[in-house]
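A quick write-up on the structure given underneath.
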Amino acid sequence: LAIMSLIAGLDFLFQKFQHVTQMRMSRQDIRDEMKQTEGDPHIRARLRQIRRERAQRRMMQAVPQASVVIANPTHFAVALKYELDDMNAPTVLAKGVDSLALKIREIAEENDVPVMENPPLARALYASAEIGDEIPAEHYKAVAEIIGYVMRLKGKLPGRPVRPKAAG
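In this note's numbering, the protein residues as written are 145 to 312.
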């Protein structure tokens with residue numbers, strides 16, 4: 145009887161060990177499960193790229209409605225919209241760096257949106273304002289001078305337009 149219980153105990157341990165090793169996942173099984181739960185990394189990257197392209201396209205479509213584009217010569221561009229009676233502060237419609245900044249400038253020029261060069265302000269707005277948001281309060285004065293100049297040029301404000309100086 146003791147021998148039978150010893151054999152049964154050893155058989156139980158062997159069966160348990162064998163079951164655990166069979167249930168263990170291989171590296172490929174782990175990868176496959178990860179793809180199922182998290183999604184294929186290539187597909188996720190492609191979806192991110194598509195979302196980024198769509199957002200960029202929407203942003204570019206908004207540039208013709210801008211009141212002004214504030215830029216430095218090539219690297220930064222921020223398109224702002226301001227309507228005198230309807231808005232508390234100018235809103236960022238689009239912003240970009242390098243090739244995107246050049247594209248914003250091109251679209252603005254094609255649609256007769258004034259492009260004002262003010263490198264420090266362009267950099268500051270790019271860094272501190274998000275698309276769709278009003279500009280931060282610390283930039284009100286500089287942006288107001290530029291928008292006032294543009295509105296006087298277009299005859300929307302009385303007075304002689306005086307070109308604002310670029311800060312810094």
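Ideal Cβ positions, reconstructed from N, Cα and C, are used throughout, including at glycine.
Residue i lies in the alpha helix (DSSP H); which residues open and close that run?
i, result
"Leu150", "146-167"
"Met260", "Not the alpha helix (DSSP H): Met260 falls in the beta strand (DSSP E), residues 259-261."
Check whether the Cβ atoms of residue i and residue j sit closer than 8 Å, and answer yes or no.
i, j, result
"Val222", "Lys247", "no"
"Ile214", "Leu269", "yes"
"Ile275", "Met203", "yes"
"Glu253", "Pro217", "no"
"Val212", "Ile291", "yes"
"Leu237", "Ala271", "no"
"Val259", "Arg267", "no"
Please report the residue range of the beta strand (DSSP E) in which residue i lies.
i, result
"Lys225", "220-225"
"Val287", "That residue, Val287, is in no beta strand (DSSP E); its alpha helix (DSSP H) goes 284-297."
Could you check what DSSP says for residue i in three-state terms: helix, strand or coil?
i, result
"Gly240", "strand"
"Gln205", "helix"
"Ala215", "strand"
"Glu274", "coil"
Just the C-alpha distance for residue i and residue j, rounded to the nearest angstrom, thanks.
i, j, result
"Gly280", "Ala206", "What sits at residue 280 in the sequence shown is Pro, not Gly. About 20 Å."
"Pro264", "Asp256", "23 Å"
"Pro315", "Ile194", "Residue 315 is absent from the structure shown; the chain starts at 145 and stops at 312."
"Gly299", "Arg192", "44 Å"
"Ala288", "Ile251", "23 Å"
"Pro234", "Ala286", "12 Å"
"Leu154", "Glu182", "41 Å"
"Gln172", "Leu150", "38 Å"
"His163", "Ala146", "25 Å"
"Gln166", "Met148", "26 Å"
"Met295", "Leu228", "10 Å"
"Glu278", "Glu197", "23 Å"
"Leu157", "Arg188", "44 Å"
"Met169", "Tyr226", "60 Å"
"Ile174", "Gln180", "10 Å"
Checklist entry - How do the segment 217-234 and the segment 244-258 stand: do at least 3 beta-carbon pairs fall below 8 Å, yes or no? => result yes
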